[in-house]
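Worksheet: one structure, shown below.
Numbering (my numbering), first residue to last: 1 to 237.
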């Protein structure tokens with residue numbers, strides 16, 4: 001991946017109002033993100049998204065920090081300014097050894113609360129699939145300490161199955177189980193459950209006044225991100 005000059009220029013137009021910030025990215029690097037039915041895996045899409053935003057933020061004179069995360073921080077960096085920080089982030093995003101394992105949102109929140117100072121802008125980038133129950137308390141504490149944006153990166157197959165008679169093997173990464181299914185037979189139930197889980201997560205975030213952006217790997221993130229920051233600017237203007 002490489003963030004294009006046009007992408008960065010477009011993002012700058014909307015981001016420029018957000019100034020004097022410490023921005024901290026928590027990037028899901030788990031097994032769930034190493035999946036794709038489109039041109040890009042979810043982790044490739046997320047890497048391009050984070051790199052593009054980081055470039056814009058640093059060029060605007062603000063600071064970025066980050067941690068790639070599974071069930072523990074894989075690496076971490078306090079917010080710093082300057083383009084060297086972009087190269088450090090890019091190096092870690094491109095390192096295949098940094099990916100794998102289970103994403104533990106509760107541990108990510110615990111890490112955030114102990115690692116970062118208040119009044120930072122925190123951006124979570126994840127598919128938010130398979131979240132454990134009980135993270136609401138830490139999420140509530142974090143929402144009072146930080147300005148939080150959640151960016152949900154999904155593959156189309158996370159939301160729906162093809163309307164065809166295809167035999168596929170589904171794996172449960174948390175229980176090491178597999179089952180052979182017909183996609184047409186499970187399509188309705190699969191899509192209903194996926195929609196319900198996303199809706200519940202969005203409702204939790206809304207109650208805590210946490211911003212949410214939903215992205216899919218078969219569509220560019222540029223317009224959704226531009227629209228989001230324009231709406232955010234208008235809201236706080």
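Think of the CB as a built atom: it goes at the ideal place given N, C-alpha and C, for glycine as much as any other residue.
This structure is a prediction, so every number in the text was calculated from the model and none was measured.
For this session: Could you work out which residue in 27, 206 and 23 is closest to residue 153 when comparing CA atoms only?
Result: 27
For this session: Enumerate in chain order the residues of its own chain whose CB-to-CB distance from residue 100 is below 8 Å, with the five nearest sequence positions on each side excluded.
Result: 29, 30, 31, 34 and 70
For this session: Could you tell me which of 118, 104 and 43 sits nearest to residue 23, measuring between CA atoms?
Result: 118
For this session: Mind reading off the beta-carbon distance from residue 55 to residue 86? Whole number of angstroms is fine, and I expect it under 8 Å.
Result: 6 Å
For this session: Measure the alpha-carbon distance for residue 58 versus residue 202 and round it to whole angstroms.
Result: 29 Å
Problem set entry | Cβ neighbour criterion (16 or more within 10 Å) applied to residue 217 | buried
For this session: Can you say whether residue 227 is buried or exposed, counting buried as having 16 or more other CB atoms within 10 angstroms of its CB?
Result: exposed
Exercise. To the nearest angstrom, how far is it from the Cα of residue 10 to the Cα of residue 129?
Worked result: Low confidence applies here, because residue 10 scores a pLDDT of 49, under 50, leaving its location unreliable and the question unanswered by this model.
Exercise. DSSP three-state call for residue 17: helix, strand or coil?
Worked result: Low per-residue confidence applies at residue 17: pLDDT is 49, beneath 50, and the placement is therefore not dependable, though the value from the model is reported in the following sentence. If DSSP states are grouped into helix, strand and coil, residue 17 belongs with coil.
Exercise. Quick one: is residue 237 buried, meaning 16 or more other Cβ sit within 10 Å of its Cβ, or exposed?
Worked result: Unreliable placement is indicated for residue 237, whose pLDDT of 47 sits below 50; no coordinate value is reported for it.
Exercise. For residue 240, which of helix, strand or coil comes out of DSSP?
Worked result: As displayed, the chain neither begins before 1 nor continues past 237, which places residue 240 out of reach and without an answer.
For this session: Write down the C-beta distance between residue 149 and residue 88 rounded to the nearest angstrom, noting that I regard them as a contact closer than 8 Å.
Result: Wrong, their Cβ atoms sit about 22 Å apart, outside the cutoff.
Exercise. Between the C-alpha atoms of residue 15 and residue 229, what's the straight-line distance to the nearest angstrom?
Worked result: Summary for residue 15: the model assigns pLDDT 47, below 50, so the residue's position carries little reliability, and this model does not support an answer.
Problem set entry | Bounding residues of the beta strand (DSSP E) (the contiguous stretch that carries residue 214) | 211-216
For this session: Quick one: using the 10 Å Cβ neighbour count with 16 as the cut-off for buried, is residue 155 buried or exposed?
Result: buried
Problem set entry | Cutoff 6 Å; reference residue 147; Cβ partners in own chain excluding five residues on either side | 121
Problem set entry | Under 8 Å between C-beta atoms of residue 109 and residue 138 | yes
For this session: Could you tell me which uninterrupted alpha helix (DSSP H) segments, each at least 4 residues in length, are contained entirely in the region 109-168, listed from first to last along the chain?
Result: 136-145 and 156-159
For this session: Out of 20, 21 and 42, state which residue places its alpha-carbon closest to the alpha-carbon of residue 219.
Result: 42
Problem set entry | Of the residues 180, 159, 163 and 176, the one placed nearest residue 215, counting alpha carbons only | 159
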